[in-house]
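In order, the protein sequence lines correspond to chains A, B and C. Read left to right, the first sequence gives residues 1 to 771 (my numbering). Read left to right, the second sequence gives residues 1001 to 1286 (my numbering). Read left to right, the third sequence gives residues 2001 to 2160 (my numbering). The beta carbon of each residue, even a glycine, is placed where N, CA and C say it ideally should be. Bear in mind that the values here come from a model prediction, so they are computed numbers and not experimental data.
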Amino acid sequence: MSDRAMGRIGESVTRLEDPPLVTGRGRFAGDINLAHQLHMRLLRSPVAHGRIKTVDVEAARAMPGVYAVWTFDDIRDVPPIDFREGRIEKYEPFRQYILARDRVRYVGEPVAAVFAADPYAAEDAADAILAEFEELPAITDGADAPGAFDDAGHRTEADIVTQGYGDVEKAFAKAAHVIEREFVVGRHSGVPLETRGAIGHYDAAHDVLELHGAAKVPHRNREALARMFGRPLNAVHLFESHVGGGFGVRGELYPEDVLVCAAALRFGRPVKWIEDRMEHLLATNHSRQQRHRIRAAVDADGRLLAIDDTFFHDQGAYIRTHGARVITMTCGILPGPYKVADYRATGHFRLTNKTPAATYRSPGRFESTFVRERLMDAIADELGIGRLELRRRNAVGPEDMPYALPLVVLGDDVEYDNGDYVGLLDKALDHVGWDALQADLQRRRAAGEAVGAGVAMFVEKSGLGPSDGAKVTVDPSGAVELITGGASIGQGFETCMAQICADALGVDYRKVRVVHGQTNRIEFGIGAHASRATVMTGSATNEAALLVRAKALDVASDLLQAPADTLDIQDGVVFRKDNPDGPSVGLGEIATQLLPTRKTLGGREPGLMAEGWFHSDHQTYPFGCHIAVVKVDRETGHVGVERYVIAYDIGRAVNPMLVEGQISGGFAQGLGGALYEEFVYDERGQPQSVTFADYLLPTAREVPDIELLLREDAPSPRNPLGIKGAGEAGVTGVGAAIASAIDDALQMPGAVTQLPVTPQRLKVLLDGARD
Amino acid sequence: MKPAPFQYHAPKTVADAVALLAAHAGDDGRILAGGQSLVPTMAFRLARPAHLIDINNVEGLDCIAEAGGRLCIGATVRHAAFHKPVTAGPLGALLSAVVRHIAHYPIRQRGTFCGSLAHADPASEWCCVAAALDAELVARSARGERVIQAAAFFDGAMTTTLAEDELLAEARLPLLPEGTKFGFQEFSRRAGDFAIAMALVAFRVEGGRIADARIGIGGAEPAARRIAKAEAALDGAAPGKDAFAAAADAAAAAMDPMEDVNTSAGYRRDLVRTLVRRALEDAAAA
Amino acid sequence: MTEKTDITLTVNGRDFAVTVEPRRTLADTIRDDCGQTGTHIGCEHGVCGACTVLLDGEPVRSCLMFAVQAEGREIRTVEGLAADGALSPLQQAFIDNHALQCGFCTPGFLMLATGVLERDPDIGEDELREVLSSNLCRCTGYQNIVKAVKSAAATMKAGR
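So, in structure tokens, the structure goes:
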């Protein structure tokens, strides 16, 4: 047997995805062109809140190359976009129609759609639409007192979401100390490099509606589209191609997706829409904006007796597919790695005249980790206990595991599976050489530099159940096809799944072709979100591959005249363990023997294939800590990150190189949210961050190399492979750790209360301290 | 985000270019040089010129020459031309120090020195250079040629005193005398972004005293300009902390800074103080 | 709409006769008229760099040029990097160092780095980072992109 890398679990092999992507042969939504397609362009609202007075499309309709122009009247029969989890009656008034009806509620809301022969002509025609709006006052702050949202009687407060346990008031009454703070997280979002795209196509020959350019949750979106258009599920199919980054925002069902489908059905021609960057910054889900008023009751030793958090979640103008997911998540995960005896979280779900918000990588955790870790710093500072010591005193210990909380995250009861949180913190501190670092920082501060370090701990969650399935087939050539209902958003899904399949089956991972995001290939699928894919789809893949393996060994046992348990499979060849160089048979040959026409089939089902399912009652809870070292320029307010360490216990890494990639990429996004990125609005609700010159993605000069301490000390007991998710660990703690480090650098405990920490804001803090 | 339609003209000579400009100026005719600022505004449809007169193929505009104690920079000389010093004296070093701050490498391959001046973005590094060094700007039109002093050229944000039928054919910068020290500092949120403020300083030291001080500020006000009061604080003073602080304070005090939703006037004013001082320190240390 | 003109673009050594409006960007023309969709469009205002191509050897934003301006110039795109099926050292280094995730920004980074390394294979670390800050990546955090370009530079030097 050769000893080259087969891509077994744990090997950092190169990705199957890469060859087409480095040679320009990828196929992204923009690269898909169907014969006779039309191009859609939207006219979007220029005002944050207003009544539509007129939308005159006559001139636009008459322009060369224009096929049709739609306003709300043309799509009256299409219902508003529903929630992914089904009906939620109290949020129904806040659902978005695919074109604005009567009134517009945010800048960027689709008002009219042009369909033309070419994107240039479509934009010319959209420009020629004469639309007038009666501008109404805009609500721009989700923390304002609740009031009327529109004249249909709806209020700005769509809901108040609460979670908690115990008797919080009693705990506060007996507390030695009460610490109360306000923290603000800025509005920012995923902003993938590829904008969204959608191509609707009606295949009249088979009566199938197709949507190309799907991502993230194709199966869920198929269900939604089938409901909206009154079609059976098997007459709607979604197709994922290459996807230029997801991060939570791409792949949700948006008005534009429904519009291209509606138009394709009505026109009998394919309809293509490619979002431009300005539209993306106005129209694709925003995220994160919350204001927390949090208080903690602690005893004389700094032990957390209770946390009481009231927060305001700025949802923007509509409630999209996620419903209240981010708010519920924020409530459910805020306690994080600490034991909190009594707990109450109250989330005010507030509508404003801004772009609708939903999930962005690490939803609810980036926010709550910032808030909780700032609170922990504040308690430590106020009680004169070290910031690290306070965390040690309060952390959930390995002896407490599994640690159940009467809280809910993604509809799943919270129960941390395992892990030694303080142990990981200690390893991280060891790695950075904490004591020497502190001495060095002190020396530099004494010499006038503003340098400091900060630490943040967190618990992640991954692998949301309940079920996922996968199919593995070996064909007579020995090639393996793995069909999943997962989605590839650039994270290395294909390679990971191929490795899990290869490991279980005994083949080279390069032999495995991974299918994802094609609803016509598999009935069910969870897609790629909530760091579920590797845990759920990976475990299902493992099950399916093991079943195929068993079937192959069964057939081989006949062919090689040896009991199955004496056989092994390596590199696609079955052989006797006690005689590796003896007689053998390839998987392709076995597949041939299993053709339906073969006599060798015996009583078996035809085909070397199997479907595997994995079921899970609880999520897995990976955990980690971030350590930041920053230097502040007191004069300009600039913050530079000198060093950044992430320690993360992933349970078991399928491909450590890809995990590291996930975490360093996540870190860059977290850094964006901590220091650079913000969707700013003026008082009229006009967005100010609508170009890449105003919405600041960090570049290679802002993002330092991280040091990753990847641990596999706590494999999850909740799946046979022991794996936990990797997608979000790099993001979660960044705001918290950077904020803490800035405090330290300035020697101003509790200074940072708002993200992003822009130079302008930091200067205000410094000037305030000076005056 | 596709540009609105326009008629495209690609003249080969300056005479043809200015004739086309004269013919179409009234009809929103615009010069297309590097296009790195104009084309984005066309993509956003903030600019919709009916005619574009592309001067990239015009002969003779892409040269840099020295004449009469000045460096003459033609209309299609790209930013990237200054990556390496174009002249042996202090000016060449100054320009190659500044050019690194202009946007990013690929933008510098296309964008032009004169195009930046004509576009007159408040945050343009070249505008700051032109103002600080008193550039002479050569405007050509079908009517003839005139030379505009930098101080009379910039007329607010994105506005110059070029007439609509005039092409900025050349910019002339003084070859700074040997011994001229300079420093350039700018501050932006990210590397390569439009600066929130910038300072270019240059001076000589004669007999232990500062002479010929120049302080140009860009990014903070609608147009870049020299700050006479700050220069006065330097001329005749001994180079060092006190003089630099006085000049920095004077520059900050002279500012009437722009404000926007992210940035207050006070922040920009403080920034100017810091950047002037740091630029002076850099100059002294060079 | 305005009158279209016939032009010939030379992309990766091949001539493409296309008919375009003057306003048609080079990026759109390379993709839709020449069918070379490896060049990606990420912002259309010159910031993200996904559309970077080499124009007479220098990296430029193809969204900030009109196709009519590129006639007679030598255009290179990501499709032209591999020679006879063999990946360029930079392409290989991107795979080996996991310098891409979604791959959308990758063609732009490959063309940017190719242009820069061909001009200056001895480029220093700081200057390299400065050049690489020209383009945006949302997946990798840049760490592995910098690593890959450095490793390719070493390979290219060893092969000189």
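Burial state of residue i (16 or more Cβ within 10 Å)
| i | result |
| --- | --- |
| A/SER2 | At A/SER2, the pLDDT of 44 sits below 50, so the modelled position is not reliable; the number obtained from the coordinates is stated separately. Counting Cβ neighbours within 10 Å, A/SER2 comes out exposed, since fewer than 16 surround it. |
| A/TRP70 | buried |
| A/HIS206 | exposed |
| B/ASP1149 | The amino acid occupying residue 1149 of chain B in the given sequence is Gln; Asp does not appear at that position. That one is exposed. |
| A/ASP400 | exposed |
| A/ALA357 | buried |
| A/ASP82 | buried |
| A/LEU130 | exposed |
| A/GLU373 | buried |
| C/VAL2116 | buried |
| B/ARG1273 | buried |
| A/LYS354 | buried |
Residue interval of the beta strand (DSSP E) (run including residue i)
| i | result |
| --- | --- |
| A/ALA610 | 608–615 |
| A/MET40 | 38–44 |
| B/GLU1066 | 1064–1067 |
| A/TYR67 | 66–70 |
| A/THR346 | 342–351 |
Residue i: CB within 7 Å of a non-hydrogen atom of the ligand PLP
| i | result |
| --- | --- |
| C/GLY2013 | In terms of ligand content, the structure shown is empty, and the ligand PLP therefore cannot be addressed. |
Presumed contact (8 Å Cβ cut-off) between residue i and residue j, rounded CB distance
| i | j | result |
| --- | --- | --- |
| B/ARG1108 | B/GLY1035 | So it is not a contact: roughly 13 Å between Cβ atoms. |
| A/GLY588 | A/SER477 | 5 Å |
| A/ALA116 | A/HIS39 | 6 Å |
| A/ALA751 | A/ILE742 | 7 Å |
| A/ARG718 | A/HIS618 | 6 Å |
Amino acids of chain A, ordered along the chain, whose beta-carbon sits closer than 9 Å to that of residue i
| i | result |
| --- | --- |
| C/VAL1985 | What is shown of chain C runs 2001 to 2160, which leaves residue 1985 of chain C out entirely. |
| C/ARG2023 | TYR120 |
Cross-chain neighbours of residue i in chain C, by beta carbon under 9 Å
| i | result |
| --- | --- |
| B/ILE1031 | By Cβ distance, chain C contributes nothing, its closest Cβ being about 13 Å from B/ILE1031, past 9 Å. |
| A/HIS529 | The contacting residues do not exist; A/HIS529 stays about 15 Å from chain C at best. |
Within chain C, the residues that residue i reaches when beta carbons sit closer than 7 Å
| i | result |
| --- | --- |
| B/ALA1043 | GLU2044 and HIS2045 |
| A/GLY490 | GLN2101, CYS2102, GLY2103 and CYS2139 |
| A/GLY248 | Those within 7 Å of A/GLY248 in chain C number zero; the least Cβ separation is about 12 Å. |
Neighbouring residues, chain C, relative to residue i (Cβ below 8 Å)
| i | result |
| --- | --- |
| B/GLN1191 | Per the sequence presented here, residue 1191 of chain B reads as Ala, with Gln not at that position. The contacting residues are GLU2130 and SER2133. |
| B/PRO1257 | Here the premise fails: no neighbours, minimum Cβ distance about 25 Å. |
Where residue i meets chain B, residues with beta-carbon distance less than 9 Å
| i | result |
| --- | --- |
| A/THR352 | None at all; the shortest Cβ gap to chain B is about 16 Å. |
Interface residues of chain B facing residue i [CB-CB closer than 8 Å]
| i | result |
| --- | --- |
| A/VAL680 | VAL1261 and ASN1262 |
| C/ARG2061 | GLN1036, PRO1106, ILE1107 and ARG1110 |
| A/LYS763 | TYR1267 and ASP1270 |
Host alpha helix (DSSP H) of residue i (start-end)
| i | result |
| --- | --- |
| B/GLN1109 | 1105–1110 |
| A/VAL515 | Unbroken run through A/VAL515 is the beta strand (DSSP E), 512–515; no alpha helix (DSSP H). |
| A/LYS808 | Within the shown structure, residues of chain A are numbered from 1 to 771, placing residue 808 of chain A beyond reach of any answer. |
| A/VAL442 | Looking at the sequence itself, residue 442 of chain A is Gln, so the reference to Val does not match. Here the alpha helix (DSSP H) through A/GLN442 covers 434–446. |
Per-residue contacts from residue i into chain B (C-beta, under 7 Å)
| i | result |
| --- | --- |
| C/GLN2036 | Neighbours of C/GLN2036 on chain B: none; closest Cβ ~18 Å, over 7 Å. |
| C/GLN2069 | ASP1054 and ASN1056 |
| C/LEU2112 | PRO1106 |
Partners in chain A for residue i, counting only beta-carbon separations shorter than 7 Å
| i | result |
| --- | --- |
| B/LYS1002 | PRO119, TYR120 and GLU123 |
| B/LEU1271 | THR636 |
Original post:
Using 8 Å as the Cβ pair cut-off and three pairs as the minimum, do the stretch 1117–1131 of chain B and the stretch 1220–1233 of chain B touch?
Top reply: Segments in contact, yes.
Subject >> the stretch 555–571 of chain A / the stretch 750–769 of chain A touching (three or more Cβ pairs under 8 Å) >> reply: The stretch 555–571 of chain A, when compared against the stretch 750–769 of chain A, does not touch it at the 8 Å Cβ threshold.
**OP:** For the stretch 572–591 of chain A and the stretch 543–563 of chain A, state whether three or more C-beta atom pairs, one from each stretch, are separated by less than 8 Å.
**Re:** Contact between the stretch 572–591 of chain A and the stretch 543–563 of chain A is present, because at least three Cβ pairs lie under 8 Å.
Original post:
With contact counted as at least three CB pairs below 8 Å, one residue from each stretch, are the stretch 1157–1177 of chain B and the stretch 1070–1085 of chain B in contact?
Top reply: Touching, yes, given that three or more Cβ pairs across the two stretches are closer than 8 Å.
Original post:
Is the number of C-beta pairs between the stretch 2070–2088 of chain C and the stretch 2103–2120 of chain C that are closer than 8 Å three or more?
Top reply: In this structure the stretch 2070–2088 of chain C touches the stretch 2103–2120 of chain C; the number of beta carbon pairs closer than 8 Å is three or more.
Original post:
Does the pairing of the stretch 350–365 of chain A with the stretch 151–159 of chain A give three or more beta-carbon distances under 8 Å?
Top reply: These segments touch.
Subject >> contact_flag[the stretch 245–259 of chain A, the stretch 206–221 of chain A] where n(CB pairs < 8 Å) is 3 or more >> reply: Three or more Cβ pairs closer than 8 Å define a contact, and the stretch 245–259 of chain A meets that threshold against the stretch 206–221 of chain A.
Original post:
Are there three or more Cβ pairs, one per stretch, closer than 8 Å when the stretch 268–282 of chain A is compared with the stretch 295–312 of chain A?
Top reply: The answer is no - the stretch 295–312 of chain A does not touch the stretch 268–282 of chain A, with fewer than three Cβ pairs under 8 Å.
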